[in-house]
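Please read the structure below before turning to the comments.
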């Protein structure tokens, strides 16, 4: 039993996972939100790779130039007698005659770390800052300030993803690079200047033989401009991602938010309508979960309206049925004081007592019928064996009754399972058996049969040997408070709710109940037959 429960839970979980995996709406949401992310990621990866490649290429170019200048200095500006040293004047002359790009600065330092030559000074290049007139300040450039702020934010964000080696390189000072190069190492990387800007630098030792006599430092100052250009190149991707996000948001709004809002407004109108019918919006054209939700709400609203109509009709029927015996009781009570003989008084008292019993039966059956929906909703659905249920029901009748007619249960099935509630299904069978007992002759028999109609439906038939049912009343007998009394039966002995309750219970279980007449070979009616069809429980 535990294994079966676990298996059913696992099957439900698997169906739920499959439903999510193949959900059309889920795919739309994932695709719509993933598209914008994909565009942005591709753009960032492309720019990141480009930036890294440019920086590496610049470092390599500076390295080649630095090694070339170091070799020239070692050949033309160094001497080894009496000790290895760099000739400052020759170094300045050589550096002045060399061609260097405008964005590259070359500086020569001797073995003591002191500056010897600077290509910018030799070329008379100086950094110039325009000052405002006395007493005035430079006007701020809003666009430039915004770009500067954005650049600082992006630098701060980018710092989260730098390696420790990259952080150490940025924190390295000019003196540290010179000292490392004098020790014989070639230093290359990105260094931060005192003003916060970044510079690509390569420092190469000058070694005529083995001893280091000085260093050559080459610096490129256009890294920030390269990064700014790359960020500007990233803006189209950001704008495209933003545009895609806006479009996908509008798409999701149109396909999800608006239909749900329409359903919410319609549900609010239903609540405020106070019983008046309000048409729910139709979303049957959609083949996703929103369409299913819309159709489910339409069906639910229609079921609620039908339930309200049924309650109103039931209340009207109850009032009508209770009014008849009350009218009879009132009439008998009014006439009773005027009765002249004891026989008349006894007859009037019998009428009053009969109507009181009728009202008691009506109230009992009405109470049972009104509680039926609540009882069906509270009880747990299980697996019911109809063979066992029919056997127990017939046995209980045989034990309680000794007179005819005879009850006979026949079935070729060893077991027949349905999903449902045993007590309500048993009530259906008892109502139909009671109805058959009412119309069957004392020496007759009532035959109950259970058979498998097809692989998915079970059928219970209850046959009696009574007068049958008028053809026009085969459907009418299932209406509430309708009674077709047999000849000689006492008036008011039936409330007319038994068959209506039976149909309601069978309908809740997904089946149907109908009535028909049995006919002999000559065409004469030999009795009535009630047929119950119920869906067979799924086989594990």
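Residue numbers (the working numbering): -17 to 522. Backbone N, C-alpha and C define an ideal beta-carbon position, used for all residues, glycine too. All values reported here derive from a predicted model rather than from experimental measurement.
Three CB pairs or more closer than 8 Å across the stretch 253 to 263 and the stretch 36 to 45: Touching, no, given that fewer than three Cβ pairs across the two stretches are closer than 8 Å.
Beta carbon of residue 410 nearer than 8 Å to that of residue 484: Going by C-beta atoms, residue 410 is nearer than 8 Å to residue 484.
CB contact flag (residue 101, residue 75, <8 Å): Inclusion of residue 101 and residue 75 in the CB contact set at 8 Å is not warranted, their separation being larger than that value.
Element boundaries [alpha helix (DSSP H), containing residue 457]: Neither: residue 457 is in no alpha helix (DSSP H) and is coded neither H nor E.
Start-to-end residues for the beta strand (DSSP E) that takes in residue 497: Bounds of the beta strand (DSSP E) holding residue 497 are 494 to 501.
DSSP three-state assignment for residue 439, whether helix, strand or coil: DSSP places residue 439 in strand when its eight states are reduced to three.
Segment contact flag, the stretch 61 to 75 with the stretch 238 to 252, C-beta cutoff 8 Å, min 3 pairs: Counting C-beta pairs with one atom in each stretch, the stretch 61 to 75 and the stretch 238 to 252 have fewer than three that are closer than 8 Å, which means they do not touch.
First through last residue of the alpha helix (DSSP H) which encompasses residue 75: First-last of the alpha helix (DSSP H) with residue 75: 70 to 79.
8 Å Cβ cutoff met for residue 440 and residue 432: Yes. Within cutoff.
Backbone secondary structure at residue 300 - three-state DSSP: Three-state DSSP puts residue 300 in a helix.
Selection from 339, 20, 166 and 426 that minimises the alpha carbon distance to residue 49: Taking only the C-alpha atoms, the option nearest residue 49 is 166.
For residue 337 and residue 505, the rounded distance between their alpha carbons: CA-to-CA, the gap between residue 505 and residue 337 works out to about 40 Å.
Simplified DSSP state of residue 203, which is helix, strand or coil: When DSSP states are grouped into helix, strand and coil, residue 203 belongs to the coil group.
Option nearest residue 259 by Cα separation, candidates 243, 84 and 282: Closest by C-alpha distance to residue 259, out of 243, 84 and 282, is 282.
DSSP state of residue 120 mapped onto helix, strand, coil: Here the model assigns residue 120 a pLDDT of 49, short of 50, so the residue's position is not dependable and the matter cannot be decided.
Span of the alpha helix (DSSP H) around residue 532: Since the first residue of the chain shown is -17 and the last is 522, residue 532 is not available in this structure.
Residue 492 burial status per 10 Å Cβ neighbour count (16 or more: buried): With fewer than 16 Cβ atoms within 10 Å of its Cβ, residue 492 is classed as exposed.
Nonlocal neighbours in the same chain, by C-beta distance under 7 Å from residue 248, ignoring five residues either side: Here the set comprises 260, 262 and 263.
Reduced DSSP secondary structure (H/G/I, E/B, other) of residue 447: Coil at residue 447, not helix or strand.
Where residue 427 sits in the DSSP three-state scheme: When secondary structure is reduced to three states using DSSP, residue 427 falls in the strand class.
Contact between the stretch 294 to 306 and the stretch 271 to 280 (3+ Cβ pairs under 8 Å): Taking one beta carbon from each stretch, the stretch 294 to 306 and the stretch 271 to 280 have fewer than 3 pairs nearer than 8 Å; the two do not touch.
Rounded C-alpha distance that separates residue 85 from residue 77: Distance between the alpha carbons of residue 85 and residue 77: 16 Å.
Element boundaries [alpha helix (DSSP H), containing residue 420]: In the DSSP assignment, residue 420 falls within the unbroken alpha helix (DSSP H) covering 404 to 421.
Three-state class that DSSP yields for residue 599 in the structure shown: For the chain, the structure presents residues -17 to 522; residue 599 sits outside this window and is missing.
Proximity of residue 510 and residue 446 at Cβ, strictly below 8 Å: Annotated as proximal: residue 510 and residue 446, with beta-carbon spacing under 8 Å.
Residue 37 and residue 186 closer than 8 Å at C-beta: Cβ distance not < 8 Å, so residue 37 and residue 186 don't count as in contact.
Presumed contact (8 Å Cβ cut-off) between residue 376 and residue 389, rounded CB distance: Contact between residue 376 and residue 389 holds: CB atoms are separated by about 5 Å, below the 8 Å threshold.
Rounded distance between the beta-carbons of residue 181 and residue 216, thought under 8 Å: So it is not a contact: roughly 22 Å between Cβ atoms.
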